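Take a look at the structure set out below.
Next up, the structure:
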């Protein structure tokens with residue numbers, strides 16, 4: 002008998018997703034459902050593993066991510082690579098380091114290898130590299146809408162709505178002075194969308210919106226300095242554009258002698274496992290990173306091998322409670 006865990010390993014998803022595929026298939030995205038069924042068939046038949054580095058021309062897929070150091074993209078990479086391996090494709094990986102110039106060079110390098118397709122997360126989908134616009138194989142974009150016309154698809158989620166929901170939860174805890182901490186907006190259209198959702202929530206509540214505090218996505222996670230920001234704005238809660246920044250903010254607040262959440266609450270985005278190890282645990286919006294990687298690979302295989310029409314998947318998200326969110330200090334409560 003083939004276990005859910007074995008199927009999940011081959012399909013590039015979680016065992017819980019495999020369980021849903023068999024028990025409530027309507028709750029699983031069609032490309033991922035197909036990958037799970039193919040994985041089950043392969044395992045039941047005893048077929049040998051697919052060669053992960055096929056030598057035939059056109060059996061490679063180029064993958065571009067912003068950073069290999071972010072656990073979000075590590076999880077996505079692991080899932081999509083397993084799915085592509087099941088389909089008989091190898092993977093070429095490049096990173097942009099959240100820099101548009103490096104991104105353009107990385108795309109040119111990937112295209113020079115004549116890949117069967119590309120899976121990409123760009124700095125800004127509204128400003129794709131010229132080489133990608135000029136000519137490209139089938140593409141799937143992750144965490145953003147398609148950046149080019151023609152054979153392209155997207156696996157994304159509503160970052161703006163996600164941020165609004167999270168900010169609503171912070172307001173519901175009693176906070177009225179909130180700060181948004183983010184990587185540079187020019188480096189990530191996802192961060193910009195999350196700030197827009199943050200602003201939507203505050204404006205709907207009739208509250209002032211503080212300017213976002215922007216830092217480098219690559220260098221400043223462990224060196225966030227909130228001294229000037231805390232003195233100037235005195236927020237009782239910080240909404241960070243990703244979990245690594247949220248964890249960096251928690252360290253910065255402790256260096257200032259502030260307790261979390263007694264003095265300042267902190268929340269993040271992504272749902273990385275490191276957040277569960279923090280003290281207190283990190284409250285965050287949990288994103289379906291494994292499913293995003295597996296679905297992106299399945300969509301690309303559909304386009305490359307079956308000529309499937311381009312389309313997109315908008316995946317769900319959810320809130321993961323944590324001890325880093327609490328009520329504001331008594332003297333600041335509304």
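In this note's numbering, the protein residues as written are 2 to 335. No residue lacks a Cβ here, since even glycine has one placed at the ideal position from N, Cα and C. Quick caveat: nothing in here was measured; it's all calculated off a predicted structure.
Inside the stretch 63-138, DSSP marks whole alpha helix (DSSP H) runs of 4 or more residues at positions 72-87, 101-113, 131-135, from first to last along the chain. Less than 8 Å separates the beta-carbon of residue 137 from that of residue 119. Two segments are said to touch when three or more pairs of C-beta atoms, one from each, lie closer than 8 Å; by this definition the stretch 312-325 does not touch the stretch 98-114. Taking all protein chains shown into account, residue 86 has 16 or more neighbouring C-beta atoms within 10 Å of its C-beta and is therefore buried. Ranked by Cα distance from residue 331, the first of 230, 262, 248 is 262. An exposed status is given to residue 280, since fewer than 16 other beta-carbon atoms sit within 10 Å of its beta-carbon. Per DSSP, the unbroken alpha helix (DSSP H) holding residue 169 starts and ends at 160-173. Closest in alpha carbon position to residue 162, among 18, 110, 305, 193, is 193. Its chain contains 192, 193, 196, 213, 215 as the residues whose beta carbon lies nearer than 8 Å to that of residue 186, once the 5 sequence neighbours on both sides are disregarded; these appear in chain order.
Spanning the alpha carbons of residue 19 and residue 283 requires a straight line of approximately 27 Å. Cα atoms of residue 44 and residue 84: separation of roughly 14 Å, rounded to the nearest angstrom. About 4 Å separates the beta carbon of residue 238 from that of residue 176, a gap short enough to meet the 8 Å contact definition.
Out of 109, 113, 24, 144, the CA that lies nearest to the CA of residue 130 is found in 109. For the stretch 199-245, the continuous beta strand (DSSP E) assignments of 3+ residues that do not extend past its boundaries occur at 214-216, 238-241, in sequence order.
A check of alpha carbon separations from residue 232 across 159, 258, 104 identifies 258 as the nearest. The DSSP-derived three-state label of residue 264 is coil.
By the Cβ test, the stretch 64-74 is not in contact with the stretch 34-42, since fewer than three Cβ pairs between them sit closer than 8 Å.
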